[in-house]
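So the structure is just underneath, and the comments pick up after that.
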Amino acid sequence: MKLIVAIIKPFKLDDVREALSALGVTGITVTDVKGFGRQKGQTEIYRGAEYQEHFVPKSKLEIAVPSDLADPVMEAIRLAANTGKIGDGKIFVLDVEQAMRIRTGETGDSAL
Amino acid sequence: MKLIVAIIKPFKLDDVREALSALGVTGITVTDVKGFGRQKGQTEIYRGAEYQEHFVPKSKLEIAVPSDLADPVMEAIRLAANTGKIGDGKIFVLDVEQAMRIRTGETGDSAL
Amino acid sequence: MKLIVAIIKPFKLDDVREALSALGVTGITVTDVKGFGRQKGQTEIYRGAEYQEHFVPKSKLEIAVPSDLADPVMEAIRLAANTGKIGDGKIFVLDVEQAMRIRTGETGDSAL
Amino acid sequence: MFRALKLSGVTRAPALLLPIVALSSPALAADAPPAPPAIDTGDTSWMLVSTALVLMMTIPGLALFYAGMVRRKNVLATLMQSFAICCIVTVVWMVAGYSLAFGTGTPYIGDLSRVLLNGIGAHIAKGADIGFTLGAGTPNAVTMTIPESVWMMFQMTFAIITPALIAGAFAERMKFSALCVFTILWSLLVYSPIAHWVWSPLGWVAGLGAIDFAGGTVVHINAGVAGLVTALVLGKRKGYGQDDLSPFNLTYAVIGASLLWVGWFGFNAGSAVGANGRAGMAMTTTQIATAAAGLGWMLAEWVRRGKPTVLGIISGAVGGLVAITPAAGFVLPGSALIIGVVAGVVCFWAATSLKHMLGYDDSLDAFGVHGIGGIIGALLTGVFAYGPLSATDANPGGISGSFAQFVSQAEAVGITIAWCAAASFILLKIVDLTIGLRVTADQEEEGLDMTLHGERIN
Amino acid sequence: MFRALKLSGVTRAPALLLPIVALSSPALAADAPPAPPAIDTGDTSWMLVSTALVLMMTIPGLALFYAGMVRRKNVLATLMQSFAICCIVTVVWMVAGYSLAFGTGTPYIGDLSRVLLNGIGAHIAKGADIGFTLGAGTPNAVTMTIPESVWMMFQMTFAIITPALIAGAFAERMKFSALCVFTILWSLLVYSPIAHWVWSPLGWVAGLGAIDFAGGTVVHINAGVAGLVTALVLGKRKGYGQDDLSPFNLTYAVIGASLLWVGWFGFNAGSAVGANGRAGMAMTTTQIATAAAGLGWMLAEWVRRGKPTVLGIISGAVGGLVAITPAAGFVLPGSALIIGVVAGVVCFWAATSLKHMLGYDDSLDAFGVHGIGGIIGALLTGVFAYGPLSATDANPGGISGSFAQFVSQAEAVGITIAWCAAASFILLKIVDLTIGLRVTADQEEEGLDMTLHGERIN
Amino acid sequence: MFRALKLSGVTRAPALLLPIVALSSPALAADAPPAPPAIDTGDTSWMLVSTALVLMMTIPGLALFYAGMVRRKNVLATLMQSFAICCIVTVVWMVAGYSLAFGTGTPYIGDLSRVLLNGIGAHIAKGADIGFTLGAGTPNAVTMTIPESVWMMFQMTFAIITPALIAGAFAERMKFSALCVFTILWSLLVYSPIAHWVWSPLGWVAGLGAIDFAGGTVVHINAGVAGLVTALVLGKRKGYGQDDLSPFNLTYAVIGASLLWVGWFGFNAGSAVGANGRAGMAMTTTQIATAAAGLGWMLAEWVRRGKPTVLGIISGAVGGLVAITPAAGFVLPGSALIIGVVAGVVCFWAATSLKHMLGYDDSLDAFGVHGIGGIIGALLTGVFAYGPLSATDANPGGISGSFAQFVSQAEAVGITIAWCAAASFILLKIVDLTIGLRVTADQEEEGLDMTLHGERIN
Ligand SMILES: Nc1ncnc2c1ncn2[C@@H]1O[C@H](COP(=O)(O)OP(=O)(O)O)[C@@H](O)[C@H]1O
Ligand SMILES: Nc1ncnc2c1ncn2[C@@H]1O[C@H](COP(=O)(O)OP(=O)(O)O)[C@@H](O)[C@H]1O
Ligand SMILES: Nc1ncnc2c1ncn2[C@@H]1O[C@H](COP(=O)(O)OP(=O)(O)O)[C@@H](O)[C@H]1O
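Residue numbers (my numbering), protein chains in the order written: chain C, 428 to 539; chain A, 428 to 539; chain G, 428 to 539; chain S, 81 to 538; chain P, 81 to 538; chain R, 81 to 538.
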């Protein structure tokens with residue numbers, strides 16, 4: 428099993444979710460995060476005090492999938508989340524040693 | 428060392444924390460996340476516009492433990508977080524290559 | 428490639444970001460998390476009902492780096508985030524199997 | 081004879097109405113039926129404003145005060161309770177509540193002469209206006225310098241806030257449909273009768289000699305006791321005493337308490353039913369008691385828990401507002417200071433110790449603050465009332481604190497508690513048996529916002 | 081002759097002014113020019129308060145009502161719209177708007193006599209004060225018991241809220257610079273003329289016999305229709321009908337709606353221009369219609385969607401406030417109840433069905449609530465008006481509902497819609513062609529808070 | 081002789097009181113001691129309302145304005161500051177502050193005749209009311225048409241808001257216990273004396289000929305300067321100029337600024353001490369200056385920084401409110417427009433440039449907005465005052481702007497600054513040496529909500 432970690436632009440979340448559903452992915456966990464990268468944040472000014480906001484809001488998706496689905500999932504995310512503009516985000520793939528469904532105690536791929 | 432990643436129902440957080448403390452786990456990091464899975468979200472209606480909320484609020488726990496504690500920890504989480512109802516969540520186990528305690532610079536299991 | 432996961436005190440975020448930038452790290456993803464550890468939370472009292480707050484606010488950083496940068500990055504974080512007081516946090520290192528830049532489709536180290 | 085009757089009428093009438101009696105007594109003392117009195121634009125202006133202020137106490141004041149103390153998942157549902165009660169009671173009051181409370185009727189209940197506010201606009205006579213006479217045709221009749229529509233509206237806002245206060249006791253677990261039905265029944269069967277007993281010039285509780293300037297019994301003890309009963313009937317919230325039930329955002333509660341404070345000037349100074357010195361004095365004592373109670377609670381907490389809290393100081397302030405309510409126009413500033421300190425400290429004890437000792441879950445302390453605060457105020461009014469403030473030509477001594485007065489106050493408190501507790505209990509049981517009072521465990525867990533209303537804070 | 085003229089003047093004058101005419105008619109009926117009338121402190125007090133209440137309707141009331149319905153990224157920008165409109169219209173009104181609306185002038189537009197509020201302080205005569213005469217020097221002149229500065233301020237708050245209401249239609253996508261320019265133009269070219277037509281005693285629409293107690297046409301239909309046109313010209317928000325555009329925090333909307341309700345007492349009861357029985361009656365009908373409409377929407381939603389929502393009940397309440405506005409001083413409580421229920425249910429249908437059928441994106445239902453609610457109210461005023469409430473010595477029958485009155489009301493509605501729609505459309509096109517109306521797609525996506533104002537909620 | 085004295089008394093008395101003098105002068109001019117004057121219900125109504133409005137300025141107005149500008153971890157502590165100051169000053173004022181400020185006394189301080197508000201209820205004479213005479217028994221006595229309790233309450237709300245304003249300067253780092261002690265001392269030793277100097281008819285600063293309609297010196301310059309001193313004594317916040325100190329939720333600040341605006345009608349128009357044309361004019365100039373200042377700041381920022389901000393427009397508006405305060409009843413609308421624009425632009429410069437140049441950390445710009453705005457207003461009042469607005473029979477020319485008047489104004493400003501700065505500095509040092517002024521570095525880092533009050537926003 429693999430854990431796909433994708434950092435995307437927040438407003439692309441629904442597109443990505445749909446693309447993954449179409450692929451048969453049944454579970455996603457999403458976190459609101461702040462990203463620092465090539466895309467720079469903005470300058471905010473409050474009563475003359477400038478704050479360089481280095482971080483931009485992003486959504487982080489974590490998707491555990493059977494190993495063979497890793498590549499199609501990556502591809503689906505790339506297609507759905509791409510705007511061609513800076514700040515589109517990254518996908519990382521990590522190895523998962525074990526998985527368990529809390530409700531049933533099932534483990535392995537069937538836990539996903 | 429392993430990193431146990433557990434996605435659970437938010438109101439089970441205290442139960443799980445206690446169960447893990449009882450096991451001797453000394454550190455947990457918790458994130459508020461939104462989950463998409465078998466448990467469907469609800470429909471919200473604002474002035475006649477229906478929004479299908481696909482995500483339900485969940486808590487994500489990350490717990491780094493010495494490898495031998497991985498199984499008992501999984502088991503403890505499963506027992507504490509289980510309600511028997513859909514949406515109870517998942518546990519994933521990842522391998523941790525290295526750990527360090529920032530305060531002391533200790534590494535390895537003693538950093539946990 | 429490695430994924431460095433660091434849990435630090437929130438007010439150290441800017442220091443760490445600067446230290447990492449200095450090292451040439453170009454991307455960081457930050458999440459607001461709640462930590463349970465040696466540092467205990469506080470007791471909150473609302474109309475006589477005491478709530479033991481077990482969690483303290485922390486920032487979690489995730490930084491994907493080429494493998495050879497893992498050690499210098501850990502060191503930089505340690506130096507920047509250290510206050511010498513309890514609750515300074517942890518650094519974990521995980522292995523990343525694959526990475527992709529969504530905008531370009533680049534993979535591997537050049538995706539970072 | 082008429083004078084004598086009048087005099088005793090004054091002594092026993094709800095103190096709320098004293099100054100008006102005084103102002104109009106020359107006219108009333110005449111043998112012939114008095115010409116319809118004209119309104120006073122200054123008094124009418126102040127009462128229009130007071131009405132707006134008291135409405136503001138409920139929405140958004142109380143709505144925010146309560147919503148600021150619940151968990152995130154119940155914030156909107158809690159706001160909904162105050163808002164819906166405001167709408168429901170408006171209609172109930174218009175349909176029958178006002179008539180039952182302020183129609184002349186008998187000592188026990190008003191009449192149906194004002195059902196659907198029939199005749200309420202009759203005071204407009206070709207561009208001029210007639211002042212309202214409460215209890216018209218009876219020897220105790222009280223003539224006002226404001227038109228009836230303004231009196232009816234002012235009283236409506238009291239009728240609105242009372243059931244809205246109860247909601248603090250059952251927050252986070254009551255069914256919305258149950259709330260709607262209970263509000264209608266309670267307003268008609270508990271609020272209107274008690275308002276009549278205490279505030280109608282022929283009401284039997286008024287006749288016992290108890291004084292209540294702005295509603296310590298009718299509003300606060302009444303709501304507090306109904307809240308206690310509801311909390312007991314409903315049972316505790318899931319996770320009470322174990323889970324973290326801490327407030328989502330106390331900012332809302334601070335806004336709410338502040339607007340309650342400001343709006344309470346309409347409640348208390350408005351109960352002078354005119355823009356006069358008595359209104360000024362009522363405003364003065366209200367301000368002082370509130371501040372003193374806020375500080376009282378804060379200091380008690382600082383001593384006992386090591387920290388002064390913002391929830392504490394605002395809770396104390398509300399407790400002080402409650403306690404000064406029955407006393408506002410009868411006491412001197414120094415007495416108000418004492419009433420405030422006592423209310424702050426005792427309400428602190430009620431909400432933080434008594435509640436836990438007795439083990440009920442009055443979520444937002446409707447009883448601990450309104451019930452206890454109201455009782456303190458009602459009783460201390462009997463101790464601290466200072467005669468010259470309510471003296472009139474007809475009653476040159478005014479009403480002064482005395483043991484006898486204290487006993488009268490205690491009687492009125494006891495009657496209110498008894499009727500309110502019994503009637504509320506029965507109504508709750510009826511609602512429980514028919515449509516059910518409490519949400520399911522799952523709904524409670526997921527939160528009322530999503531499960532009852534399909535909405536949430538993002 | 082003068083009397084006859086006067087009489088017809090009364091029949092046709094904006095009903096808003098009736099009671100004043102009545103009160104002052106003995107003086108006016110004399111042959112010699114009347115001595116400058118004195119002010120009444122009670123009436124002045126109430127109008128000062130009403131002015132504060134109506135200002136509070138816009139800031140923070142409407143600002144919060146709207147900000148509570150947008151997405152997190154646009155909350156501050158939405159607050160900014162109301163606040164900036166408040167500042168801009170204040171200056172516009174002072175420079176020329178008031179003079180154009182309430183200067184005597186012709187039936188079609190005022191004059192320039194009060195440009196920069198020239199002479200507005202003349203009512204202060206060595207410590208005493210002269211009441212204002214609207215349309216001074218004309219046979220229809222209306223004399224008030226308040227000084228001109230107070231009248232001007234009261235009217236200013238109406239001029240402020242009207243364009244601020246429009247903002248609901250273009251929320252989340254209009255350029256701030258465009259908003260500023262559009263507001264200036266619209267205030268001068270749409271609001272001031274229509275206010276003159278309807279509220280000046282010589283206005284030509286007033287002359288048609290339509291009555292509008294507190295601004296159903298001038299304020300609400302006007303704002304609603306302008307909103308509809310803006311929504312159509314601007315086009316839908318990105319992602320409309322697809323993305324989750326759900327509100328960030330309805331708490332703000334509830335605070336806003338509550339303050340609108342409270343402030344509306346100044347709007348409607350203040351339109352009696354005095355602290356009298358008519359103000360009391362207007363407050364009464366306002367309260368009842370609002371509550372009824374809140375419940376109407378809530379119940380309709382409960383039946384149709386299975387859940388009562390807090391956004392629903394507050395939207396209904398605002399719809400009820402709108403609908404009762406033209407009727408407030410003319411109808412009995414029972415009629416107010418009916419107007420409220422109808423408004424609640426029909427606005428529910430407009431905002432949830434009609435909008436989707438027609439496919440425009442009126443983000444926060446400026447048209448669905450204010451346009452539709454205003455039309456309902458204006459028409460039903462012609463049905464339910466109850467003569468005795470507006471009867472005076474000069475016009476002993478008052479204004480009663482009748483088919484003829486209904487037709488007059490419909491005429492006024494039609495005229496307002498036609499002028500407002502056409503003028504708004506042209507102004508929008510001008511702004512679009514010069515500085516552009518809509519933000520870029522990227523700005524819309526990132527949110528107006530950051531991109532237009534460089535700020536955000538943390 | 082009496083007349084002559086009276087006349088000079090008028091010229092020098094705080095302008096605030098002029099209209100009352102005028103209204104009552106016939107009575108006063110008589111040789112025999114005048115019969116106790118009756119109150120006017122319209123005036124009393126307006127002053128009751130004004131009191132409520134000014135209280136609303138502090139809670140929740142100012143509380144939210146400030147809380148909206150701090151970081152999340154200090155929001156509740158900031159709300160707590162305003163609320164606790166409100167409670168504390170209420171008690172201080174009641175115990176001695178009012179007596180020291182408005183007891184007759186000497187030109188330098190009042191007396192102890194009203195300690196614990198002794199005798200404040202004496203105006204109620206068997207149901208009728210006596211108007212208050214300020215400085216009774218002195219030739220400069222000023223008779224009012226409202227009872228003393230209302231005057232005392234109105235003034236109390238001014239005494240409350242002044243120290244609450246200071247809190248903006250030391251936000252996010254002052255110990256709560258220090259704040260409590262400092263507030264008590266400052267209120268008695270700085271506020272009450274200055275109020276007496278400027279507003280008592282025998283006060284020595286009033287005698288210098290300076291005019292201050294509603295408190296430009298006593299309230300705003302006073303608070304601003306005390307704030308500056310506090311900011312300097314306390315030092316900067318940790319991380320100032322480096323870390324992100326950006327506001328948590330400006331929504332609160334917008335609500336706060338809006339309520340300040342609305343409430344300021346009570347502050348300024350209420351300072352006419354009656355519901356009359358002068359109140360109407362004060363309301364008018366207040367509205368115009370505020371709007372102009374909001375736009376002034378916004379446009380300056382738009383030009384200088386490329387974006388108009390919501391924090392900017394609300395800050396400007398507050399600056400305008402401050403600047404028009406001393407001028408409100410003395411100037412024409414056109415002058416108000418100029419005062420507003422100047423205040424908006426100069427306060428923008430003070431808060432964004434001056435502060436950084438001088439390098440102090442006045443967290444929420446108590447000095448930059450209230451100090452600078454107050455100075456602008458006080459000085460421009462001497463330029464723009466328009467005689468006829470304050471003309472009376474006794475003083476037919478009224479007070480007009482002139483170089484001499486400007487100098488008088490500057491004197492009053494200078495005196496206020498000097499006393500306030502010196503006394504505040506000494507008090508702060510005393511508190512610092514005894515209980516300490518500033519929280520520990522750890523507490524500052526973790527936030528005052530948790531560390532001082534044990535609460536937080538979830
Ligand atoms: N090395 C990295 N480790 C962790 N997160 C990263 C890394 N690089 C980028 N990110 C995340 O991806 C987001 C987008 O990256 P950015 O460099 O701005 O754009 P792009 O990927 O298009 O070059 C960042 O905001 C950050 O959240
Ligand atoms: N494949 C997955 N990858 C990541 N997170 C998942 C995955 N499947 C489920 N989850 C998380 O677990 C939560 C519970 O899963 P769900 O399918 O609803 O219930 P259950 O596990 O009881 O079948 C989801 O809301 C989601 O946050
Ligand atoms: N074993 C662990 N797994 C995951 N997170 C941990 C673990 N131990 C600590 N943490 C995180 O690190 C934070 C700091 O740890 P703590 O034990 O309080 O201090 P220290 O690291 O200085 O001993 C915790 O609040 C928690 O978020």
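For each residue, glycine too, the CB sits at the ideal point set by N, CA and C.
All figures in this text were calculated on a predicted structure; none of them were measured in a lab.
message = When you compare the stretch 287 to 307 of chain P with the stretch 315 to 330 of chain P, are there three or more beta-carbon pairs, one atom per stretch, that lie closer than 8 Å?
response = no
ask   = Are the stretch 350 to 365 of chain P and the stretch 122 to 133 of chain S in contact at 8 Å, needing three or more beta carbon pairs?
value = yes
Which listed residue (Thr124/P, Tyr146/P, Leu135/P) has its alpha carbon closest to that of Thr331/P = Indexing the fifth sequence from 1 puts residue 331/P at position 251. Comparing Cα-Cα distances from Thr331/P to each of Thr124/P, Tyr146/P, Leu135/P, the minimum goes to Tyr146/P.
query = Within this structure, are the beta carbons of Val426/S and Gly399/S separated by less than 9 Å?
reply = The sequence position of residue 426/S within the fourth sequence is 346, counting from 1. The sequence position of residue 399/S within the fourth sequence is 319, counting from 1. Taking 9 Å as the Cβ cut-off, Val426/S and Gly399/S qualify as a contacting pair.
query = Would the beta-carbon of Thr170/R fall within 9 Å of that of Ile368/S?
reply = The residue given as residue 170/R occupies position 90 in the sixth sequence. The residue given as residue 368/S occupies position 288 in the fourth sequence. Yes. Within cutoff.
inquiry  = Using the Cβ count rule (16 or more neighbours within 10 Å means buried), how would you classify Gln479/C?
reply    = The residue given as residue 479/C occupies position 52 in the first sequence. With fewer than 16 other Cβ atoms within 10 Å, it is exposed.
message = With a threshold of 9 Å between beta-carbons, can Thr470/G be considered close to chain R, or not?
response = Taking the first residue of the third sequence as position 1, residue 470/G is located at position 43. Yes, because at least one Cβ of chain R sits closer than 9 Å to the Cβ of Thr470/G.
query = Any idea which residues DSSP pairs Ile490/A with across the strands?
reply = Taking the first residue of the second sequence as position 1, residue 490/A is located at position 63. Answer is Ile431/A.
request  = Pull up the DSSP beta-bridge partners for Tyr473/C, would you.
outcome  = On the first sequence, residue 473/C is found 46 positions in, with the first residue counted as 1. Note: Tyr473/C sits in a beta bridge opposite Ala476/C.
inquiry  = Is any non-hydrogen atom of ligand 2 found closer than 8 Å to the C-beta of Glu445/C, if you look at the structure I gave you?
reply    = The count along the first sequence starts at 1 and reaches residue 445/C at position 18. Checking every heavy atom of ligand 2 against the Cβ of Glu445/C, none is found closer than 8 Å.
inquiry  = Within 10 Å of its beta-carbon, does Asp515/C have 16 or more other beta-carbons around it, so buried, or fewer, so exposed?
reply    = Translated into positions along the first sequence, residue 515/C becomes position 88. Flag for Asp515/C reads buried.
request  = For ligand 1, list every residue whose C-beta falls under 7 Å from any of its heavy atoms, going in chain order.
outcome  = Those residues that have a beta carbon less than 7 Å away from any non-hydrogen atom of ligand 1 are, in order along the chain, Ile434/C, Val460/C, Gly462/C, Phe463/C, Gly464/C, Arg465/C, Gln466/C, Val483/C, Lys485/C, Ile513/C, Gly514/C, Asp515/C, Gly516/C, Lys517/C, Val452/G, Thr453/G, Gly454/G, Ile455/G, Thr456/G, Glu489/G, Ile490/G, Ala491/G, Val492/G, Arg528/G, Ile529/G, Arg530/G, Leu539/G.
task = Report the three-state DSSP secondary structure of Ile241/P (helix, strand or coil).
result = As a first step, residue 241/P is located in the fifth sequence; it is residue number 161 there, counting from the start. Ile241/P falls in the helix class under three-state DSSP.
query = What residue does the beta strand (DSSP E) around Met527/G start on, and which one ends it?
reply = Taking the first residue of the third sequence as position 1, residue 527/G is located at position 100. Run containing Met527/G: 525 to 528, per the beta strand (DSSP E) assignment.
query = So which residues of chain A does Met527/C contact, with C-beta pairs closer than 7 Å?
reply = As a working mapping, residue 527/C is identified with position 100 in the first sequence. Correct list: Met501, Arg505, Lys517, Ile518.
key: Test item: CB-CB of Phe250/S and Phe347/S under 9 Å   = Taking the fourth sequence and counting its residues from 1, the one referred to as residue 250/S is at position 170. Taking the fourth sequence and counting its residues from 1, the one referred to as residue 347/S is at position 267. One thing to note: Phe250/S has its Cβ no nearer than 9 Å to the Cβ of Phe347/S.
Whether Ile119/P touches Asp191/P by CB criterion (9 Å) = In the fifth sequence, counting from the first residue as 1, residue 119/P sits at position 39. In the fifth sequence, counting from the first residue as 1, residue 191/P sits at position 111. Result no, Cβ atoms of Ile119/P and Asp191/P do not sit closer than 9 Å.
task = Grab the span of the beta strand (DSSP E) containing Phe347/P for me, first residue to last.
result = Here residue 347/P is taken as the residue at index 267 of the fifth sequence, counted from 1. Where Phe347/P is concerned, there is no enclosing beta strand (DSSP E), although the alpha helix (DSSP H) it sits in stretches over 330 to 348.
query = So, do the stretch 502 to 515 of chain S and the stretch 251 to 266 of chain S have three or more beta carbon pairs nearer to each other than 8 Å?
reply = yes
inquiry  = Counting only beta-carbon separations shorter than 9 Å, does Arg536/S have a partner in chain R?
reply    = Against the fourth sequence, residue 536/S aligns to sequence position 456. It does not; no Cβ of chain R falls within 9 Å.
ask   = Does the beta carbon of Leu128/R come closer than 9 Å to any beta carbon on chain S?
value = What you label residue 128/R is simply residue 48 of the sixth sequence in a count that begins at 1. By this cut-off, Leu128/R is an interface position.
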